[in-house]
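Residue numbering for the sequence shown follows our numbering, beginning at 2 and increasing consecutively. Yeah, the Cβ is synthetic: ideal placement off N, Cα and C, and Gly gets one too. Bear in mind the structure is a predicted one, so any value in this text is a computation, not a measurement. What follows is a short report on a single structure.
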Amino acid sequence: MLPTITIAIPKGRIYEELRPLMAHTGIEPEAGFFDDNDRRLEFASNQPHIRLIRVRSFDVATFVAFGGAQLGVCGSDVLMEFDYPDLYAPLDLGIGKCRLSIAEPAELAERDDPASWSHVRIATKYPRVTQAHFAERGVQAECIKLNGAMELAPRTGLAERIVDLVSTGSTLKANGLIEVETIADISSRLIVNRVALKTLGEPLQSLVDAFREAVDA
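Take a look at the structure:
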């Protein structure tokens, strides 16, 4: 009898890109898993020993790191921010591509020179990554932690600049902001709990191998 393996999947826009990869591995979630209107968080699959949970993208790493799930999919931005020692990220899935960028109001960007910054006030949900990025340049970064509505920070006087994920840039543009610097290119990774990989052995490793084959295909 195979041990139960829980896979943590982030809610939201990643579904459509992840769906063909999961199909290639032979994992078929029960009906409703890819439906944002379905409020359930836990789902069975066509493989009796595999269950799936849907959680916020930032929480995937936490569930896997602390054993709530053995396998997960999360953005490299999350791994950069939390740096959990019990996580192993063996595979770049090549999906969910975007970038972690610094943005500021368009009128400020017209007269601003990022090379001249010595102190910046930043609204972000990535304070650890942001402070490390600016520290490497000798810039003091005062980070204000927000979990959403980042684009409002400059408009309300909370912070002149933001650090956030950018895909098309349309949200920034709609809020009068412009990218001025890229901190990192981001993509989704397959993550594994290190302890589970040792204790569960082949059943878990075979799932990792199946995802690798799906990416190569």
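State buried or exposed for residue i, treating a residue as buried only when at least 16 other CB atoms are found within 10 Å of its CB.
i: Thr5; result: exposed
i: Phe34; result: buried
i: Leu42; result: exposed
i: Arg40; result: exposed
i: Thr26; result: buried
i: Gly73; result: buried
i: Ser102; result: buried
i: Glu137; result: exposed
i: Asp84; result: exposed
i: Lys199; result: exposed
i: Pro86; result: exposed
i: Phe212; result: buried
i: Glu214; result: exposed
i: Phe64; result: buried
i: Ala32; result: exposed
i: Ala66; result: buried
Ordered along the chain, which non-local residues of its own chain (more than five positions away) have a Cβ less than 8 Å from that of residue i?
i: Pro204; result: Leu3, Pro4, Ile6 and His50
i: Ile179; result: Ala104, Glu105, Pro106, Ala107, Ala110 and Leu173
i: Gly13; result: Asp37 and Ser58
i: Val216; result: Leu22, Leu92, Asp93, Leu94 and Gly95
i: Ile15; result: Ser58, Val74, Ile96, Gly97 and Ser189
i: Asn194; result: Val65, Ala66, Gly68, Ala70, Gln71, Leu72, Asp87, Leu88 and Tyr89
i: Leu80; result: Ala62, Leu88, Ala90, Arg190 and Ile192
How close, in whole Å, do the beta carbons of residue i and residue j come, if the pair is a contact with beta carbons under 8 Å?
i: Ala45; j: Arg52; result: 6 Å
i: Arg57; j: Pro11; result: 7 Å
i: Ala197; j: Gln71; result: 4 Å
i: Ile8; j: Tyr89; result: The pair is not a contact, with the Cβ atoms about 15 Å apart (cut-off 8 Å).
i: Arg100; j: Val167; result: 5 Å
If you drop the 5 nearest sequence neighbours on each side, which residues of the same chain put their C-beta closer than 7 Å to that of residue i?
i: Ser77; result: Ile187, Ser188 and Arg190
i: Arg20; result: Phe35
i: Leu159; result: Ala124 and Ile145
i: Glu18; result: Ile96 and Gly97
i: Ala142; result: Val121, Ile123, Thr131, Gln132 and Phe135
i: Ala218; result: His25
i: Glu161; result: Glu105, Leu109, Arg122 and Pro155
i: Glu29; result: Ser46 and Asn47
Could you pull the DSSP bridge partners for residue i from this structure?
i: His120; result: Gln141
i: Thr125; result: Lys146 and Val164
i: Glu105; result: Ile179
Just to confirm my understanding: we take residue i, look at its own chain, exclude 5 residues before and 5 after, and list those with CB closer than 6 Å. What are they?
i: Ser207; result: none
i: Glu182; result: Ile103 and Pro115
i: Arg55; result: Ile10, Lys12 and Leu42
Would you check whether the ligand NAP has a heavy atom nearer than 7 Å to the C-beta of residue i?
i: Thr183; result: Here there are no bound small molecules, and the ligand NAP is not part of this structure.
* Ranges of the alpha helix (DSSP H) found wholly within the region 66-101, counting only runs of at least 4 -> Here the runs fully enclosed are 77-83.
* Length-filtered (3 minimum) beta strand (DSSP E) runs lying within the region 8-78 -> 43-45, 51-56 and 72-76
* Asked: Where are the alpha helix (DSSP H) runs, 4 residues long or more, that stay fully inside the region 175-204, in chain order?
  -> 195-201
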